[in-house]
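Okay, so here's the structure we're looking at.
2 protein chains.
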Amino acid sequence: MRQSKLFSKTRFESPKDEVSKNADLLIRGGFIFKEMAGVYSLLPLGLRVIKKIENIIREEMNSIGGTEMKTSVLQNKEIWEKTNRWDDAVVDNWFKTKLKNGADVGLSFTNEEAYTNILTQYVSSYKDLPIYAYDFKDIFRNETRSKSGILRGREFYWKALYSFSQNETEHNRFYEKAKVAYEGIFKKVGLGDKTYITFASGGTFSKYSHEFQTLTESGEDIIYIDEAKKIAINKEVLNDEVLNELGARRDTLVEKKAIEVGNIFTLGTRFSDALGLKYKDEKGESKQVFMGCYGIGLTRLMGTIVEIFGKEGEMIWPEEVSPFKIHLISLAGNDSEVEKISDKIYKELTDAGIEVLYDDRDMRVGEKFADADLIGIPLRVVSSKKTMEKNCFEVKDRKKGEISYLSTEEIIKKLK
Amino acid sequence: MRQSKLFSKTRFESPKDEVSKNADLLIRGGFIFKEMAGVYSLLPLGLRVIKKIENIIREEMNSIGGTEMKTSVLQNKEIWEKTNRWDDAVVDNWFKTKLKNGADVGLSFTNEEAYTNILTQYVSSYKDLPIYAYDFKDIFRNETRSKSGILRGREFYWKALYSFSQNETEHNRFYEKAKVAYEGIFKKVGLGDKTYITFASGGTFSKYSHEFQTLTESGEDIIYIDEAKKIAINKEVLNDEVLNELGARRDTLVEKKAIEVGNIFTLGTRFSDALGLKYKDEKGESKQVFMGCYGIGLTRLMGTIVEIFGKEGEMIWPEEVSPFKIHLISLAGNDSEVEKISDKIYKELTDAGIEVLYDDRDMRVGEKFADADLIGIPLRVVSSKKTMEKNCFEVKDRKKGEISYLSTEEIIKKLK
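These protein sequences, in sequence, are chains A and B. Anchor point for the first sequence: position 42 equals 22 in my numbering, and the numbering is continuous, going up by one each time. Anchor point for the second sequence: position 253 equals 233 in my numbering, and the numbering is continuous, going up by one each time.
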């Protein structure tokens, strides 16, 4: 894409109403636009990152047998009353609105009810199970305060998968598979070595749930890590009984701040009981379906990546989620020869299937470089009079901090 | 995909609370699930159709220079007050809700305000224009009655592109391009020969807008067509002055019912005036940006396709939007040889990049065929003892109503 056609522009001053690094850098880079506290629109660059993350998640979910669907945002009060989650005294972050006839409806803050209710129409026999289904969806939570940028939005974009199994044994098998798939996701988006599977509260549903916690000083969660044993425990559940059960000792644990980038949860029969999701087993006996849920906030994940890889005035996107693979910067000025060569490599890279953001704008060198730093595409390729004379291009690998001089063919090879 | 893994099931009885053909067939085929009147979730098959439509639209929008982004659902009251569209007396189908601090927020019913407001931060010079940006998004309209299935939802999925030009001349050039792109979309989704560009009211914005109207008896709109001159006029604007202007005559016009599947609209400077979207022209003079909007409801489009191609108990999806290209039906029963051959062709077709729904279920022949009729994939391939003995497969082309006997290679060739 030619940068002259990209309407979003970078800005060098920080927005005054943001305290988080993620919102600061994402707004300055032209990835997001703040509509109000906790509500952001995705500008073209931001949407590209989200789509990359979405595709990584979709691939992993499909590989463990997930089927994608899309549930409505507007939620039927009756269903939530059956699970006792309609009342604002029970769930304090609902957004609610009204139909013209005065009937109350809610805006999805989660999806257990919708999925369980839909499946009551389709599940009757053990032959129908297991079912693994998921949604990418805008989710609405009426947070009282919202100042951590896209880490905790009033409106955000997530994926949630729900599993429906015959019993706990079948459930546990899938739960372990989902853990592996989640590890795959965080590895691919570049957070693998900083993300820990963490024992956390299972709420009213089960003893433990598992959170995926990414270590960073800007995290709101406190977790305890045993590096040697690769165990992580959320502060909420840290007590002697838990330590004993997990074979961990207080004196080998290190306290860390972290952001919860995903969680997986055993739900048991809480929702299938309330909504009547039953099946007949092989003996013809009626049983409750055993459920689990598996969530990831995509916008939060994008924010976490920025918290980890962002610096003052510079972002470095991990390759797999970068909005483009190459930022090609033409320093043609008035030199039509350089312009021709820049156009040529742009075409050649694009023809080779490589996503290129091509800075074809008539601007000062310093501004172009500062822009590229804020946008943060991991490979910066410069085409200038100097490189033309050397019959190559200057390639900066942001992550390694290395500069090399390569031909078009060598650049293509580097990316394959 | 193996049909045994598809949780949605067909149903042979019609839902009692639906009067429209589209909702009836889509619910019976397992494409959508009714959450409440005017609100439907997309089941896996329905989402596949929507994704096909989405990709067709995206391709056309990108080809005319569109850039994709994603604006928030929650809308800031202040911005809508500036354009005088916040008040329920002016816009009667808002859904509104409240933040914890009591502030009112709205749910997007359209996108002019959001786009115009965002661009005030990015447009300052004529060099920044034109801009063509679009969204795929869930839209919310608080309809009083909602009984035409997914043709008029309280929540629906749409695409809207907004154009931002220096002046009316530049705008008109793009407007004509958008017309062609829209024709391309309706042709690709299979509605080309039934869809007419129709002169319609331009509202307070301009003399005319253009609607894309698909002829069908179930349409809510009345349009008048001059077949020879290829002119169509919405009843709302039909008067002598308009006839005169378009060179049409009342006695050659035929009255038809139609569904509006898309519309394009000149907005002029109504929104840029209200929200202060200005630019400096080449002489340094301040000017208002000239706008247009270009909408398509994807869920409505899916519904229209069903109204056109659906029959009692049978759907025939146009190839480009069909959830799968082939419905492979194995009539193996207990014959492991037939099962082996069915598995083999499933793998071969899938390996060839063809999307196949593979009915591998242990069910009666009649039920499998009735299911396939409701799901409506245009090519049905049967693998049975009989076809095995003939060393081929039975291929039914639903659209042509033809049956032929082909090898795997011939089927693959047919689809390329």
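Glycine included, every Cβ here is placed at the ideal spot set by N, Cα and C.
Under the three-state reduction of DSSP, A:Val85 is assigned to strand. For the options A:His190, A:Ser104, A:Ile355, A:Ile285, the alpha carbon positioned closest to that of A:Tyr259 is the one of A:Ser104. With a threshold of 7 Å between beta carbons, B:Ile334 makes no contact with chain A. Of A:Leu27, A:Met41, A:Thr184, A:Ile288, the smallest CA-CA separation from B:Met49 is found for A:Leu27. Taking the C-beta atoms as reference points, B:Ser322 is found no nearer than 7 Å to B:Ala332. Between the C-alpha atoms of A:Thr51 and A:Phe136 there is a straight-line separation of about 15 Å.
When rounded, the separation of the alpha-carbon atoms in B:Asn35 and A:Glu150 is 37 Å. The residues Phe373, Glu374, in chain order, have a CB closer than 6 Å to that of B:Thr367 in the same chain once the five nearest residues on each side in sequence are set aside. Here B:Asn214 is buried. Its C-beta has 16 or more other C-beta atoms within 10 Å. Going by DSSP, A:Tyr162 is part of the alpha helix (DSSP H) stretching over 148 to 168. In the three-state reduction of the DSSP assignment, B:Gly256 falls in the coil class.
For A:Lys31, the enclosing alpha helix (DSSP H) covers residues 24 to 43. Around B:Gln55, the same chain offers Val85, Gly86, Leu87, Ser88, Glu93, Ala94 as residues with beta carbons nearer than 8 Å, after the five sequence neighbours per side are excluded. The alpha-carbon of A:Ile211 is positioned some 9 Å away from that of A:Gly227. Beyond the five residues adjoining it in sequence on each side, B:Arg250 comes within less than 8 Å, by CB distance, of Thr63, Thr184, Phe185, Met271 in the same chain, given in chain order. Spanning the alpha carbons of B:Ser128 and A:Leu395 requires a straight line of approximately 51 Å. Within chain B, the residues whose beta carbon sits less than 7 Å from that of A:Ile98 are Phe13, Ser21, listed in sequence order. By the rule that beta-carbons nearer than 7 Å mark a contact, B:Thr47 touches chain A.
When secondary structure is reduced to three states using DSSP, A:Val53 falls in the coil class, being assigned neither helix nor strand.
Residue pairing from DSSP places A:Trp138 in a beta bridge opposite A:Lys117, A:Gly277. Distance check between B:Asn97 and each of B:Leu386, B:Ser252, B:Asp108 places B:Ser252 closest, using alpha-carbon atoms only. DSSP lists no beta-bridge partner residue for A:Ser322. Closer than 7 Å to the CB of A:Ile111 there is at least one CB belonging to chain B. Membership of B:Asn214 in the beta strand (DSSP E) is indicated by the continuous run 211 to 214. For chain B, the residues of the region 50 to 80 of chain A that bring a beta carbon within less than 7 Å of one of its beta carbons are Lys50, Thr51, Ser52, Val53, Leu54, Asn56, Phe75, Lys76, Thr77, Leu79, Lys80, in chain order. As summarised for the region 162 to 208 of chain B, there are no continuous alpha helix (DSSP H) elements at least 4 residues long confined to that stretch. Taking the CA atoms as reference points, A:Lys31 sits about 22 Å from A:Glu294. The bridge partners DSSP lists for B:Gly10 come to none. Distance from the CA atom of B:Ile244 to the CA atom of B:Ala180, rounded to whole angstroms, is 10 Å.
For A:Lys157, the nearest beta carbon of chain B is not closer than 7 Å to its own beta carbon. Where A:Leu223 is concerned, the enclosing alpha helix (DSSP H) starts and stops at 220 to 226. A contact is defined here as three or more CB-CB pairs under 8 Å, and the region 114 to 130 of chain A meets this definition with respect to the region 65 to 85 of chain B.
Take B:Ala17, set aside five residues on each side of it, and the residues of its chain with a beta-carbon closer than 6 Å to its own are Ser126, in chain order. In this structure, the straight-line span from the alpha carbon of B:Glu328 to that of B:Lys365 is close to 19 Å. Interface with chain B (7 Å Cβ-Cβ cutoff): A:Glu262 is excluded. Where A:Lys376 is concerned, the enclosing beta strand (DSSP E) starts and stops at 373 to 377.
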